[in-house]
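K.L.:
Sequential numbering of the sequence shown, starting at 0, is according to numbering that gives the first Met the number 0.
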Amino acid sequence: MPNLGPTELLIILALALLLFGGSRLAGVGKASGRAIREFKEETSTLRDEKKPAEVETKKVTETVDGTIVETEKKLEA
0 MPNLGPTELL IILALALLLF GGSRLAGVGK ASGRAIREFK EETSTLRDEK KPAEVETKKV
60 TETVDGTIVE TEKKLEA
């Protein structure tokens, strides 16, 4: 893939402006921004769903067969 410098990018931008006009380019920019925002929201939602739910626990000391045992028990909501 060729390396595009600032001069080439300006030429491409000028051609796009001449071909499509300013208002149409603004609409394309707005639509692409909206699509990127929706994509980010969906990916963050997927990331949040993968996280395990945080469960509160409580350390409990019990005596089992004459031995002191420390365990963690889940607290019910």
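Even for Gly, the Cβ is constructed at its ideal location relative to N, Cα and C.
Identify every residue that forms a DSSP beta bridge with VAL68.
P.N.:
GLU61
K.L.:
Would you give the residue range spanned by the alpha helix (DSSP H) that LEU12 belongs to?
P.N.:
5-19
K.L.:
Within its chain, find whatever has a CB closer than 6 Å to the CB of GLU128; leave out the 5 residues flanking it on each side and keep chain order.
P.N.:
The first residue shown for the chain is 0 and the last is 76, placing residue 128 beyond what the model contains.
K.L.:
Compute the beta-carbon to beta-carbon distance between LEU16 and LEU24, rounded to the nearest angstrom, for a pair I have assumed lies under 8 Å.
P.N.:
The beta-carbon distance between LEU16 and LEU24, rounded to whole angstroms, is 6 Å. This is short enough to meet the 8 Å contact definition.
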